[in-house]
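Peer 1:
Numbering (the working numbering), first residue to last: 587 to 1230.
1. Between which two residues does the alpha helix (DSSP H) holding residue 839 run?
2. Starting from the Cα of residue 1208, find the closest Cα among 1144, 1201 and 1229 and give me that residue.
3. Should residue 832 be labelled buried (16 or more other beta-carbon atoms within 10 Å of its own) or exposed?
4. As a quick exercise: from 1189, 1043 and 1053, pick the residue whose alpha carbon is nearest that of residue 895.
5. Buried or exposed: residue 950, going by 16 or more other Cβ atoms within 10 Å of its Cβ?
6. Using only the alpha-carbon positions, how far apart do residue 1151 and residue 1185 sit?
7. Grouping DSSP H, G and I as helix and E and B as strand, with all else coil, what is residue 975?
8. Is the beta carbon of residue 724 sitting closer than 7 Å to the one on residue 880?
9. Do you know how far the Cα of residue 984 is from the Cα of residue 634?
10. For residue 994, count neighbouring Cβ atoms within 10 angstroms of its own Cβ and tell me buried if that reaches 16, exposed if not.
11. Of the residues 923, 1135, 929 and 845, which one's Cα is nearest the Cα of residue 1032?
12. I'd like to check one pair, residue 616 with residue 802: are the Cβ atoms closer than 7 Å?
13. Where residue 1056 and residue 1005 are concerned, what is the direct C-alpha to C-alpha distance, given to the nearest angstrom?
14. What does the Cβ neighbour count give for residue 604, buried or exposed, with the cut at 16 atoms within 10 Å?
15. How big is the Cα-Cα spacing for residue 1210 and residue 1147?
16. Assuming residue 774 contacts residue 980 under a Cβ cut-off of 8 Å, what Cβ separation, rounded to an integer in Å, is found between them?
17. Short of 6 Å in beta carbon distance, which residues of its chain neighbour residue 906, apart from the five on each side in sequence? Order them along the chain.
18. Give me the DSSP bridge partner(s) of residue 1236.
19. Once you ignore the five residues that flank residue 1037 on each side, which residues in its own chain have a CB closer than 7 Å to its CB?
20. May I ask which residues mark the beginning and end of the beta strand (DSSP E) holding residue 773?
21. Residue 664 and residue 688 look like a contact to me (Cβ under 8 Å); what is the Cβ gap, rounded to whole Å?
22. In whole angstroms, what is the alpha-carbon distance linking residue 669 and residue 872?
23. At a cut of 8 Å, does the region 639–658 reach the region 851–871 through at least three beta carbon pairs?
24. Between the alpha carbons of residue 1136 and residue 1221, how many angstroms are there, rounded?
25. Could you spell out the range, first to last residue, of the alpha helix (DSSP H) harbouring residue 726?
26. Residue 642 and residue 636 look like a contact to me (Cβ under 8 Å); what is the Cβ gap, rounded to whole Å?
27. I'd like the ranges of any beta strand (DSSP E) spanning at least 3 consecutive residues and lying wholly in the region 990–1036.
28. DSSP on residue 1231, reduced to helix/strand/coil?
29. Is residue 951 helix, strand or coil by DSSP?
30. Can you tell me which residues form a DSSP beta bridge with residue 682?
31. Count the CB pairs spanning the region 755–768 and the region 836–846 that are closer than 8 Å, and state whether there are at least three.
32. Please list, in chain order, all residues of the same chain as residue 1101 whose beta carbon is under 8 Å from its beta carbon, the five residues on each side excluded.
33. Between 869, 726, 1015 and 1021, which lies nearest to residue 917 when the distance is taken from Cα to Cα?
34. Which residues bound the alpha helix (DSSP H) around residue 670?
35. Assuming residue 976 and residue 1002 make a contact with CB atoms under 8 Å, what is their CB distance in whole Å?
36. What distance in whole Å lies between the Cβ atoms of residue 808 and residue 982, which are believed to be in contact at a cut-off of 8 Å?
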């Protein structure tokens, strides 16, 4: 194995005076990386050995390159992607499809000797005794590969190898012709992969998150343009760092003007997509990025259990004979999170408050099926049936100056192609059901933002698990209820490494995702012009806070006004109940945040009618009760409503 700093190419090389490596006609750059969360990755035998493969990294880069590119036609997107990553391109002169090589070479080196590879399963000790290593939230995210004592397990397959956080690896990119534009494209894709995604299995649920610690040679020696900063040290908060990087890439890669249509595949489109940065998780388990991953996992686990309740109840009663033999709901809302969905139910009485042994009696598997709406019959044997749709919710966990945070992206796209329904395939008897795929995002929005109430039990949202959540991009509320079934045309998933080429036939066949050359994509009418977002962007929120402080009249006791912002759910109960807050003040014309943790007592909030007792509410306050009394801890006083 060669050292990561050495040039690996097939042409003569020279070393410049600054220590960089340039061939006579080539360019090499090495990224030194470290994982922040557990990573799952394998090669030819993924259940036996851990291997971080170059093809997997290249596939992930390809996914993010595609997700942030926008062209007038998908044919142009497919052409540019193939030109960079390799694939098939159409030769108009002879009307043939030709194979095209990638514009760069990518190699990966892992320092596996620095971290133990964990192999979950029976007899390994890992899986039955992991409570001290990871909490419920991380175990929930890694459930498909872990063995759980006394619960459903992987049928003796032993799960898959998992590498703990802290693994160091190197990604080396070589551009044979020395084209800096190719290297710049790779670095933009790598920035997105590092900040919004991850590598390996379960990367959409926080696994495989990593950070680039350094480049060799340093990026400043290469005179690159329009590449976001990989070092967030110069920023005061992660939200600004992420927003600046995304905006730079969007301005460089978007080749169409707004309004944007809903994409056919998982991709970022302003007006339809959401990006949130959630900082400081309210979680006692874990440290660093693991703490953020644990917080999200805990909330998601509680929210998704038997929710939507009516869907689960009808499926359970159909299997146990406690209700109709088939469910009656017309839309499977839970499919907003992707397919397939595996349902497993316990014995009779699970939904009727009857105590019975926790015996697994069977369940359903939800996937796509071609459905004849006229004859009301499914084609269960069709080769076009979609058995997988990756989740549109992507979670990446990181650390900003010792403060854990999560980047949560929601990139909606049609769940199923036009002409398909969801096939709820029963595991016991003839109880199959064929509901429609959801077209809105209410279930996902409740899980992220507002929470839910099931049978009188409050299910908190994911955002409420963090002290502060900043909205970088949001989706107008009107778009969430659009009922349009568009054709879902998945190209390739992260990790596949290539787009799907056309099948060989007697005449050239275009990929199913590519329209005729020169023809624009026709977005649905309801999605073509999204309504303005009623909510405020970060810049508008900052202006609002500044105006609140400017308009506040001076106090007679000359105590300065501060602006309090409720940052999370209340703690304790009764008379001792208190709300965590962020404290803002003006320094000249600049909005500043007061350090430390602050609280406002519930009885103080309830005394002011115009101040809502909920997250993000704003109010005026002071840090002392009066000019002569010292402050008591980090409590706020003299609560007042903000000026109108």
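Idealized CB from N, CA, C, for every residue including glycine.
Peer 2: For this structure:
1. If you number the chain shown from 1, residue 839 lands on position 253. Note, residue 839: alpha helix (DSSP H), 824–839.
2. As a working note, residue 1208 is residue 622 in the chain shown. Considering only alpha carbons, the answer is 1144.
3. For the purposes of this step, residue 832 is identified with residue 246 of the chain shown, where counting begins at 1. Under this definition residue 832 is a buried residue.
4. Along the chain shown, read from residue 1 onward, the residue named residue 895 stands at position 309. Taking only the C-alpha atoms, the option nearest residue 895 is 1043.
5. Against the chain shown, residue 950 aligns to sequence position 364. So residue 950 ends up on the buried side.
6. Sequence index remark: in the chain shown, residue 1151 carries index 565 (1-based). Sequence index remark: in the chain shown, residue 1185 carries index 599 (1-based). Those two C-alpha atoms are separated by around 10 Å.
7. Taking the chain shown and counting its residues from 1, the one referred to as residue 975 is at position 389. Reduced to three states, the DSSP call for residue 975 is strand.
8. The sequence position of residue 724 within the chain shown is 138, counting from 1. The sequence position of residue 880 within the chain shown is 294, counting from 1. Taking 7 Å as the Cβ cut-off, residue 724 and residue 880 qualify as a contacting pair.
9. Reading the chain shown from its first residue, position 48 is the one you call residue 634. Reading the chain shown from its first residue, position 398 is the one you call residue 984. Rounded to the nearest angstrom, the two C-alpha atoms are 29 Å apart.
10. Counting from one through the chain shown, the residue named residue 994 turns up at place 408. Buried is the call here.
11. Translated into positions along the chain shown, residue 1032 becomes position 446. Nearest option by C-alpha distance: 923.
12. Working through the chain shown from its first residue, we reach residue 802 at position 216. Working through the chain shown from its first residue, we reach residue 616 at position 30. Yes, Cβ-Cβ distance for residue 802 and residue 616 is below 7 Å.
13. Counting from 1 along the chain shown, the entry for residue 1056 is found at position 470. Counting from 1 along the chain shown, the entry for residue 1005 is found at position 419. It is roughly 38 Å from the alpha-carbon of residue 1056 to the alpha-carbon of residue 1005.
14. Numbered from its first residue, the chain shown carries residue 604 at position 18. The predicted position of residue 604 is uncertain, since its pLDDT is 38 and thus under 50; a value taken from the coordinates is nonetheless stated next. It is exposed - the Cβ of residue 604 has fewer than 16 other Cβ atoms within 10 Å.
15. Against the chain shown, residue 1210 aligns to sequence position 624. Against the chain shown, residue 1147 aligns to sequence position 561. Near 10 Å, if we compare the C-alpha coordinates of residue 1147 and residue 1210.
16. Counting from 1 along the chain shown, the entry for residue 774 is found at position 188. Counting from 1 along the chain shown, the entry for residue 980 is found at position 394. Their Cβ separation, rounded to whole angstroms, is 17 Å, which puts residue 774 and residue 980 out of contact at 8 Å.
17. Taking the chain shown and counting its residues from 1, one reaches residue 906 at position 320. Excluding positions up to five away in sequence, the list reads 934.
18. Look at the range of the chain in this structure, 587 to 1230, and you will see that residue 1236 is not part of it.
19. Counting from 1 along the chain shown, the entry for residue 1037 is found at position 451. Excluding residues within five positions, the ones whose Cβ falls inside 7 Å are 1044, 1045, 1046, 1047 and 1050.
20. Working through the chain shown from its first residue, we reach residue 773 at position 187. Careful: residue 773 lies outside any beta strand (DSSP E), inside the alpha helix (DSSP H) at 766–782.
21. Here the question's residue 664 lines up with position 78 in the chain shown. Here the question's residue 688 lines up with position 102 in the chain shown. No, residue 664 and residue 688 are not in contact; Cβ-Cβ is about 15 Å, not under 8 Å.
22. Translated into the one-based positions of the chain shown, residue 669 becomes position 83. Translated into the one-based positions of the chain shown, residue 872 becomes position 286. Going from the Cα of residue 669 to the Cα of residue 872 covers about 43 Å.
23. Yes, the region 639–658 is in contact with the region 851–871.
24. As a position in the chain shown, residue 1136 is number 550, starting the count at 1. As a position in the chain shown, residue 1221 is number 635, starting the count at 1. Rounded to the nearest angstrom, the two C-alpha atoms are 23 Å apart.
25. Along the chain shown, read from residue 1 onward, the residue named residue 726 stands at position 140. Element bounds for residue 726: 722–727.
26. For the purposes of this step, residue 642 is taken as residue 56 along the chain shown, with counting starting at 1. For the purposes of this step, residue 636 is taken as residue 50 along the chain shown, with counting starting at 1. Going by Cβ atoms, the distance from residue 642 to residue 636 rounds to 12 Å, so no, they are not a contact pair.
27. Taking only runs of at least 3 residues, the beta strand (DSSP E) segments lying wholly in the region 990–1036 are 1006–1012.
28. Only positions 587 to 1230 of the chain appear in the structure, and residue 1231 is not among them; the question remains open.
29. Locating residue 951 in the chain shown gives position 365, where the first residue counts as 1. The answer is strand: DSSP assigns residue 951 an E or B state.
30. Residue 682 sits at position 96 when you count from the first residue of the chain shown. DSSP output for residue 682 lists 677 as bridge partner(s).
31. The region 755–768 vs the region 836–846: no contact.
32. Within the chain shown, the letter at position 515 stands for residue 1101. The predicted position of residue 1101 is uncertain, since its pLDDT is 36 and thus under 50; no value can be drawn from it.
33. The count along the chain shown starts at 1 and reaches residue 917 at position 331. Distances from the CA of residue 917 to each of 869, 726, 1015 and 1021 were compared; the closest alpha carbon is that of 1021.
34. The residue given as residue 670 occupies position 84 in the chain shown. Its alpha helix (DSSP H) spans residues 660–671.
35. Position 390 of the chain shown, counted from the start, is the residue given in the question as residue 976. Position 416 of the chain shown, counted from the start, is the residue given in the question as residue 1002. The Cβ separation is near 13 Å, so there is no contact.
36. Translated into positions along the chain shown, residue 982 becomes position 396. Translated into positions along the chain shown, residue 808 becomes position 222. A Cβ-Cβ distance of about 26 Å is found for the pair residue 982 and residue 808, leaving them out of contact under the 8 Å criterion.
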